[in-house]
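In our numbering, the protein residues as written are 6 to 139.
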């Protein structure tokens with residue numbers, strides 16, 4: 006019983022530390038990239054939820070999950086993917102549960118977020134994002 010209590014307390018302390026890292030991270034907020042043919046939005050919430058949305062020529066891709074952060078890396082644990090296509094007056098929609106992890110290297114310089122990650126799907130733009138809101 007004491008051993009279980011110690012493990013539980015240790016787990017809660019670790020979770021508290023992770024939430025403190027997220028809450029105080031400069032990454033928290035919504036970031037946007039506007040390209041010629043696509044818009045990509047990254048949203049990292051203080052509660053540990055994260056969403057990446059890509060809009061391009063009537064098509065929308067969305068990845069949802071949770072995130073953690075270290076000095077220069079975001080770990081995005083994706084648990085749901087959604088695809089929506091509106092073209093020629095028709096709507097096609099697909100949703101799927103998934104289990105993917107993206108390790109995204111980032112830096113913030115002059116208020117702009119730069120991300121790189123070789124594992125990101127091709128629809129997600131690696132590059133320079135501007136803060137959309139905190």
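Backbone N, C-alpha and C define an ideal beta-carbon position, used for all residues, glycine too.
Return the residue from the list the options that minimises the CA-CA distance to residue i.
| i | options | result |
| --- | --- | --- |
| residue 111 | 40, 123 and 94 | 123 |
| residue 84 | 34, 76 and 69 | 69 |
| residue 94 | 63, 52, 119 and 37 | 63 |
Would you kindly report the start and end of the unbroken beta strand (DSSP E) that includes residue i?
| i | result |
| --- | --- |
| residue 76 | Careful: residue 76 lies outside any beta strand (DSSP E) and carries neither H nor E. |
| residue 54 | 54 to 61 |
| residue 107 | 95 to 114 |
| residue 39 | 34 to 39 |
Given residue i, which residues of its chain have a CB within under 7 Å of its CB, disregarding the five upstream and five downstream residues?
| i | result |
| --- | --- |
| residue 54 | 71 |
| residue 40 | 130 |
Given a cut-off of 8 Å on the beta-carbon distance, is the pair residue i and residue j in contact?
| i | j | result |
| --- | --- | --- |
| residue 109 | residue 31 | no |
| residue 117 | residue 134 | yes |
| residue 61 | residue 43 | yes |
| residue 73 | residue 120 | no |
| residue 51 | residue 80 | no |
Excluding five sequence neighbours on each side, which residues of the same chain lie with their C-beta closer than 6 Å to the C-beta of residue i?
| i | result |
| --- | --- |
| residue 67 | 58 and 87 |
| residue 100 | 87 |
| residue 65 | 89 |
| residue 97 | 90 |
| residue 92 | 63 |
Whose C-beta lies closer than 8 Å to the C-beta of residue i among residues of the same chain, with five residues either side of it excluded?
| i | result |
| --- | --- |
| residue 125 | 107, 109 and 131 |
| residue 103 | 83, 84, 85 and 86 |
Would you please verify whether the beta carbon of residue i is less than 8 Å from any beta carbon of chain D?
| i | result |
| --- | --- |
| residue 106 | Within the model displayed, chain D is absent; a lone protein chain is all it includes. |
Q: Take every Cβ of the stretch 129 to 139, pair it with every Cβ of the stretch 37 to 54, and state whether three or more of those distances are shorter than 8 Å.
A: Inter-segment contact for the stretch 129 to 139 and the stretch 37 to 54 is present: three or more beta-carbon pairs are separated by less than 8 Å.
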